[in-house]
Structures are given as C-alpha cells and as structure tokens.
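Here the structure is laid out as structure tokens; the discussion comes afterwards.
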Amino acid sequence: MKLTKKLAVSTVAASVALTAFAGIPLSSQGLAEKLGVSGVAYASSATADSTLEDDMEALYDALVETGGLPAVESLQGAFEALSIAAAGRIAAPVVDKFVTAGPEKEQLKALFFEAVSLYYSPSDEGLEKLRADHSAFIQSFAENADVVLSVDDIAEYFFDIQAEFFNQLGEKDLEELLTLMTNSSSLNMLLEDVLDALPMSEYAVEKVFLEYGVTTEDVIDVLSQVRIEIGNDILFINAATALFTAYESLNTDTPVGGGGGIVGGGAVTDQLPANVTSLLDNLKAALEKATDAEKAAIIEKFVKDSQSLINDMVVINAAGNVTVVNGQAELKLDDSKVLPVIAGIAAITAKVKEVAPKAVLKNLGLTFNLGAVTQKAFVLNLSDAVVKAGAGAKLTGSKFIVDKFEITTPFGGTFSSAISLTVKTSDATKANIGTLKSASSVFDFSLKVGGTETTKFSDPIVVSIPLDSLEGLDKELLSVAKIVNGKLEIHGGRVKGNSIIESRDAFSSYVVVENKVSFNDIASVQAWAGRQIEVIAAKGAIEGKAAGKFAPKNNVTRAEFAKMLVRGLDLENNSATESFDDVKAGDWHAPYVAAAVKLGIIKGRSASKFAPNATITRAEMATMITRALKVTTGAADVLDQKAALKGFADEGKISAALKDGVAFAANHQIVIGNAGKFLPNNNTTRAEAAVIIYRALNFDK
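Sequence positions in the sequence shown follow numbering that gives the first Met the number 0 and run 0 to 700.
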C-alpha cells in the first residue's frame with residue numbers, strides 16, 4: 000500500500016472518529032473489566048467471551064508492536080478531560096431518542112457520563128457502581144426490544160464495527176479514499192455500508208437501537224460531535240493511523256512498524272520524502288535520550304528546522320511539466336512528485352502540533368514555478384488527487400508563477416476537485432478601457448472545477464498582475480478593473496513592486512488602469528487629507544456623496560467604514576453571510592459587513608444588531624483596522640499595551656474590549672491622538688477615515 004493511500008485511510012478514519020467508541024484495551028490485563036466498561040447495558044454477571052478477548056488482546060499487542068499505543072492513549076487522555084456538559088452534547092443524538100425529558104433522561108445521561116469516564120479510567124469500584132446504579136434501568140429499555148443485553152454484546156458490536164470499517168477502507172483505491180476525505184455525503188455512505196455489512200440479527204444492541212428509532216445518521220452525529228468536543232484533529236489522525244496500522248499488521252505477514260515506520264506513536268512516515276523522514280527520526284532519537292531540561296531546546300530547534308524544510312519543499316520547479324499545444328501552454332504536473340511533498344508537509348505539521356501545540360508554521364501553500372512562458376494563453380491544471388490531498392493536509396493553496404504573472408488558488412470549498420484554470424492575455428484597447436490609461440494587458444480568466452465551468456468561488460483567488468511601463472502614470476492611483484459589457488468596475492488592488500495584487504471571488508476579464516477621481520469640496524482638508532482621499536477613491540474604497548462632492552467633514556457610519564475597510568484592504572468575499580437583524584441581504588452594505596464579520600474584523604453592537612447607520616467611534620475604527628491588518632499581514636498584538644497607551648491622558652475612557660486595537664493602531668501611527676488625547680468616543684469624519692485607510696493600505700509590519 001502506498002504512503003498516500005495510508006494517509007488517506009488515516010484521515011478518513013479520523014473524520015468519523017471511530018476510535019472514540021471502539022473497544023480498545025489499554026492493558027493486556029483486566030480485559031473483562033474493560034469490556035464491562037465498553038457497554039452501557041445490564042451485565043450483572045457477564046464475563047468476556049474468549050474469542051472476543053483473544054481478538055482484543057491481539058489488537059492491543061499489534062498496537063504495542065507497531066508503536067501506535069501512545070497515540071491511542073493520547074486520544075483517551077483527551078476524553079478524560081471532557082466536561083460533563085461536553086459528554087452530554089456527545090450523547091444527545093442517541094440519548095434523545097430513548098428519553099425526551101424528565102428524570103429518566105437525566106439518569107440516562109448520568110449513565111452515559113459514568114460509562115465514558117469509566118471507559119477511559121477503568122476501575123473495579125467504578126464498574127461495580129455503574130452496575131449497581133443502572134443495571135435494572137438499562138434492562139428496561141432492552142426489554143422493550145425483547146432482548147437481553149450483556150457486556151459482551153455491546154463490546155463485540157462496536158469492536159466488529161471498527162474491524163469492518165477498516166476492512167472496507169483497505170479495499171478502496173486512492174481516488175475513492177481522497178473523495179471520502181472531502182465529501183461528507185460519501186463518508187456517510189461509507190458508514191452506512193459498514194453498518195449494513197453487519198448481520199443485524201446477531202447484535203442485540205442493534206435491535207434496541209431500532210426499537211427506539213436510533214438511525215445511522217444519529218450515530219454519525221455522535222461521532223461528529225465527539226470530534227468537535229475534543230477539538231484536536233491531530234489526536235484523531237494519529238490514533239486512527241495507529242489503529243489502521245495495527246489492523247494492517249494483523250492481516251499481513253510483514254510487520255508494518257519498525258525501521259522508522261512509526262514516529263511518536265501512530266504517525267506513518269515510511270516512503271515519505273527522505274528529508275522529512277530524517278527530520279522526524281532525528282527528533283525521535285534526540286528526545287529518547289534527552290533529559291526533561293533538554294527537551295524544550297530540542298523541540299524549539301525541531302520547529303525551526305521544520306519551517307526551514309517546509310519553505311524548501313513547497314517550491315516546486317514545474318517548467319519541465321509545461322507543453323505547448325496549438326499555441327497554448329499547458330501545465331500537467333506529475334502527481335508522483337507532488338503527492339509525497341503534500342504527505343511530507345502533513346507529517347511535519349502533525350508532529351509540530353503534537354510536540355509544540357502553540358507553535359505556528361507559516362508558508363503552508365504549494366508554489367509551482369513554470370518559468371518563462373511566451374504564449375499569450377496558458378492552462379494550469381491540478382489533478383483531483385492533488386486537490387484532495389492538499390485539502391486533507393490543510394494546505395492554504397497553490398500558487399502558480401508564470402513568468403511575472405502569479406495566481407493563487409485555495410484548497411477546499413469550491414476548489415475540492417480537479418482544477419483547470421485558463422488565462423488569456425491581450426492588449427488593452429479603447430474598446431475595453433475607454434478614456435482611462437492602462438497599466439497592463441487585459442487578462443481573461445476561466446475556470447473548470449471537476450470539469451464544470453465555475454465563475455464564483457467560496458474563497459477568493461489571489462491574482463498578481465504584472466504592470467507595463469508606468470511612464471506618465473501615477474502609481475498610487477492604479478486599480479484593477481473588471482470589464483463588464485464594455486464598462487469598467489473598479490476593484491482596487493495593492494501595488495507591490497512592479498505588480499498589483501487583487502483578491503477575486505469571481506472571474507471575468509480584468510485590466511489595470513489609472514483611475515483619477517476628483518472632488519471640488521475638499522479644499523479645507525487638502526493639506527492633510529487631499530492626497531489620501533484621491534488614492535482611496537481611486538481604489539473604489541470610498542465614493543463621493545454626489546458628482547464631485549466628497550463631504551469630507553461628514554461623520555462616517557459603521558456601514559460606510561465596513562465598505563472602506565473591505566474594499567481598501569482587498570477583503571471582499573461575496574459568499575460570506577451575516578445574521579444581523581438590521582442588515583438585510585439587499586442592503587448596499589450587506590456584502591461588506593458579511594465579509595468583515597466572516598474574518599472576525601467587525602462585530603455587532605449586540606449579538607443581533609450591527610447598527611449600520613450609527614456613527615463609528617475612533618476606538619471602534621482603530622479596533623477594526625487592527626483586526627483587518629492582522630488578517631492581511633499577520634501582524635501581532637502590541638506586547639506592552641500600557642506603554643502604547645500611556646501618552647494619552649484619556650486612556651481610562653477607552654473600553655477594555657477595544658484597548659488592544661487602540662494600542663496597536665496608536666503604536667503603528669495608523670490612528671493618531673490629538674493634544675495628548677486619543678478621544679476614543681469621538682466620531683470620525685470621512686476625511687479622517689480616508690487618511691486612516693490610506694495608512695492601513697501602506698502598512699508594513
């Protein structure tokens with residue numbers, strides 16, 4: 000079995016969190032006790048069936064031999080830390096089918112909580128208490144289905160589900176597994192197939208489930224909630240990988256583990272790129288012989304080395320994968336070269352997450368450099384396998400560099416199957432730009448996802464368009480314009496070097512133009528805000544109140560500032576939604592509020608009210624700007640909030656919830672005080688807002 004298939008199997012297993020309820024023994028001793036813990040049923044004198052006990056001991060031994068037991072134990076440790084409320088949310092989809100309200104429901108919940116706690120921390124005393132408190136109560140439900148439940152009935156049922164689940168995964172090819180990783184309906188169908196494969200007549204627990212209307216969907220909901228409550232996908236991925244590896248070793252004469260195949264329990268590393276295997280093996284060796292005092296330094300170095308290796312791995316020279324057909328250049332990658340890179344990055348990030356949970360790795364996107372391409376049309380392809388593997392590994396996206404042009408597509412969402420992106424260039428003419436001056440060629444984009452023409456995306460594509468000669472042009476007034484029926488829609492963009500960068504959530508034809516906008520009422524603010532108003536207006540981030548009228552001294556509303564911020568900093572996302580009662584879908588400001596809310600930049604005045612027409616205060620504006628810059632630049636909070644605010648005599652008037660944002664904005668001179676005061680509760684004029692957006696547009700952390 001190839002590495003990529005192993006990783007896919009592991010990810011699918013993690014997706015349904017099967018390890019959450021499987022009967023996995025933590026010790027080769029006391030199996031009867033552990034089997035008793037597995038069930039939530041009447042079991043007054045049951046003992047473990049010898050075949051079942053043998054099977055469980057064999058799986059336990061396989062986990063030990065393949066090095067996967069620590070990964071399973073780590074997941075079980077996370078279960079021990081769950082609160083009673085969290086356990087209740089996990090149980091609800093099934094418990095609610097048995098009892099809807101009253102004392103019985105509370106007792107059933109209590110039973111579930113105690114069973115979960117006992118399962119992950121078994122003891123004779125706990126088992127006896129469970130039986131004494133709940134045996135008669137549980138049997139009352141079993142009697143309604145005309146069955147008698149024993150400990151072995153419950154244990155064997157879940158044990159067989161797990162075995163059948165891994166059995167069916169092992170029979171699927173890589174393409175099917177990759178589909179399961181990103182397609183929830185396919186995953187649900189797999190679970191249904193697993194449950195259907197078990198002979199219902201042999202399991203008393205299924206008869207009880209059927210009696211009370213517990214469905215496959217209810218079981219799936221439980222598994223989904225388990226993963227939500229644990230909140231750590233890495234634990235599931237490692238535990239699921241360990242279990243699959245153990246099952247595989249039980250069905251082959253060749254051991255799966257050993258020789259560096261398992262690192263830290265459960266992370267499959269055989270057939271990874273050699274430099275990744277070396278990095279992980281070196282960490283394992285160093286930690287095994289290190290003292291507790293030495294481990295912190297070893298892990299810190301590992302994180303740095305991981306980032307350095309990722310930086311090297313993500314850049315792939317794709318010039319050799321470009322062919323020219325009918326005058327059109329086309330990129331077709333070799334999956335056998337790309338998939339191991341993705342697997343290597345996934346293995347590194349998983350290990351970093353395990354040993355240094357607070358560490359943040361950057362640059363987790365692939366870059367394909369095609370080199371110089373002279374053709375005016377080119378097609379960029381990513382196979383279904385690469386797209387699904389990238390999404391499964393949680394990579395940020397794929398950047399394609401074609402000479403001086405760059406385009407980055409995300410993984411996931413709209414981009415969840417094979418991608419074919421076509422780019423055609425042509426000269427700008429008066430027919431498509433009118434009287435404006437162009438600064439680039441016209442770029443026409445078309446996209447197929449899974450073979451289907453796609454024009455709008457759930458997450459934006461980032462385009463970097465190379466600029467032509469700028470002689471006679473004002474660089475700050477350049478903007479990306481969308482050509483719509485012979486007219487131009489201004490969309491802004493950030494000039495960086497000799498390119499302009501713009502995020503787009505829809506495709507059409509685009510060109511870069513110089514967009515001069517003038518107002519005849521800004522003389523009173525010309526000295527300190529005139530240029531800033533001109534630049535921000537050129538980007539389409541702020542518009543006049545009427546032809547030639549800017550109204551610089553008018554106060555800015557929260558809705559107006561949302562648009563300025565989103566358009567100015569290139570944060571548009573038409574797929575975003577919001578749920579404020581006072582923002583309707585058809586409102587002009589709705590898409591800007593929604594985009595900002597999705598990114599965590601803007602919050603309502605209350606949970607249900609945004610107050611779009613209320614004037615925005617300086618402290619609110621500073622906080623929104625700060626959040627936006629953290630999103631766009633990765634900037635960090637000010638380390639010393641008090642030091643950043645100590646120069647303002649009215650620091651005490653700044654709301655505690657807004658102080659971090661004000662400190663950041665003041666420290667970076669984005670929002671400046673007046674005469675030793677910040678004036679946090681004062682309103683902001685349109686001229687002031689333009690200046691602040693201009694500073695944010697030019698912010699460099």
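All C-beta atoms in this analysis are idealised placements derived from N, C-alpha and C, irrespective of residue type, glycine included.
Within the continuous beta strand (DSSP E) that includes residue i, where are the two ends?
| i | result |
| --- | --- |
| Gly370 | Leu365 to Gly370 |
| Leu628 | From DSSP, Leu628 is part of no beta strand (DSSP E) but of the alpha helix (DSSP H) over Arg617 to Thr632. |
| Tyr509 | Ser508 to Glu513 |
| Pro339 | That residue, Pro339, is in no beta strand (DSSP E); its alpha helix (DSSP H) goes Asp334 to Val354. |
Thinking residue i and residue j are a contact (beta carbons under 8 Å), I'd like their distance in whole angstroms, please.
| i | j | result |
| --- | --- | --- |
| Ala561 | Tyr591 | 4 Å |
| Ala695 | Ile669 | 6 Å |
| Phe698 | Thr622 | No, Phe698 and Thr622 are not in contact; Cβ-Cβ is about 15 Å, not under 8 Å. |
| Phe414 | Val372 | Rounded, the Cβ-Cβ distance is 22 Å, inconsistent with contact. |
| Ala528 | Pro551 | 7 Å |
| Val302 | Ala358 | 5 Å |
| Gly660 | Arg626 | 7 Å |
| Ala575 | Ala594 | 5 Å |
| Ala674 | Leu644 | Rounded, the Cβ-Cβ distance is 16 Å, inconsistent with contact. |
Check residue i in the structure and name its three-state DSSP category.
| i | result |
| --- | --- |
| Leu381 | strand |
| Leu81 | coil |
| Pro121 | Here Pro121 scores only 40 on pLDDT, less than 50, and its place in the model should not be relied on; the value that follows carries that caveat. Coil, per DSSP. |
| Lys300 | helix |
| Ile600 | coil |
| Ser311 | The residue asked about is misnamed: residue 311 is Asp in this sequence, not Ser. If DSSP states are grouped into helix, strand and coil, Asp311 belongs with the helices. |
| Asp291 | helix |
| Ile432 | helix |
| Lys5 | Its pLDDT being 48, under 50, Lys5 is placed unreliably in this model, and the value from its coordinates should be taken loosely. The answer is helix: DSSP assigns Lys5 an H, G or I state. |
| Thr684 | strand |
| Gly35 | Confidence at Gly35 is low in this model, with a pLDDT of 30, below 50, so the placement of that residue is unreliable and no value is reported for it. |
| Gly496 | coil |
| Lys375 | coil |
| Lys676 | strand |
| Lys486 | strand |
| Val93 | helix |
| Val323 | strand |
| Val479 | strand |
| Ala505 | strand |
| Leu702 | Missing from the structure shown is residue 702; the chain here goes from 0 to 700 and no further. |
| Leu568 | coil |
| Gly491 | strand |
| Glu103 | helix |
| Ile521 | coil |
| Thr214 | coil |
| Thr556 | strand |
For residue i, count neighbouring Cβ atoms within 10 angstroms of its own Cβ and tell me buried if that reaches 16, exposed if not.
| i | result |
| --- | --- |
| Asn612 | exposed |
| Leu363 | buried |
| Ala342 | buried |
| Phe506 | buried |
| Val715 | Here the chain has residues from 0 to 700 only, and residue 715 is not among them. |
| Val147 | exposed |
| Leu209 | exposed |
| Val555 | buried |
| Ala526 | exposed |
| Lys294 | exposed |
| Gly212 | exposed |
| Ala642 | exposed |
| Glu559 | buried |
| Ile521 | buried |
| Asp458 | buried |
| Val255 | Here Val255 scores only 34 on pLDDT, less than 50, and its place in the model is too uncertain to base an answer on. |
| Thr407 | buried |
| Thr683 | buried |
| Thr290 | exposed |
| Asp504 | buried |
| Asn274 | exposed |
| Asp639 | exposed |
| Lys704 | The structure shown does not extend to residue 704, since the chain is modelled only from 0 through 700, so no value can be given for it. |
Cβ of residue i within 6 Å of any heavy atom in the ligand HEM?
| i | result |
| --- | --- |
| Gly87 | Ligands are entirely absent from the displayed structure, and the ligand HEM is therefore not among its contents. |
I'd like the span of the alpha helix (DSSP H) that includes residue i, first residue to last.
| i | result |
| --- | --- |
| Lys641 | Gln640 to Leu644 |
| Asn665 | It is worth fixing the name first, because residue 665 is Ala in this sequence and not Asn. Where Ala665 is concerned, the enclosing alpha helix (DSSP H) stretches over Lys658 to Asn666. |
| Ala655 | Premise fails: Ala655 is in no alpha helix (DSSP H) and is neither H nor E. |
| Gln531 | Arg530 to Ala537 |
Worksheet entry | Continuous alpha helix (DSSP H) assignments of at least 4 residues falling wholly in the stretch 381 to 467 | 383 to 391 and 429 to 432, all fully within the stretch 381 to 467.
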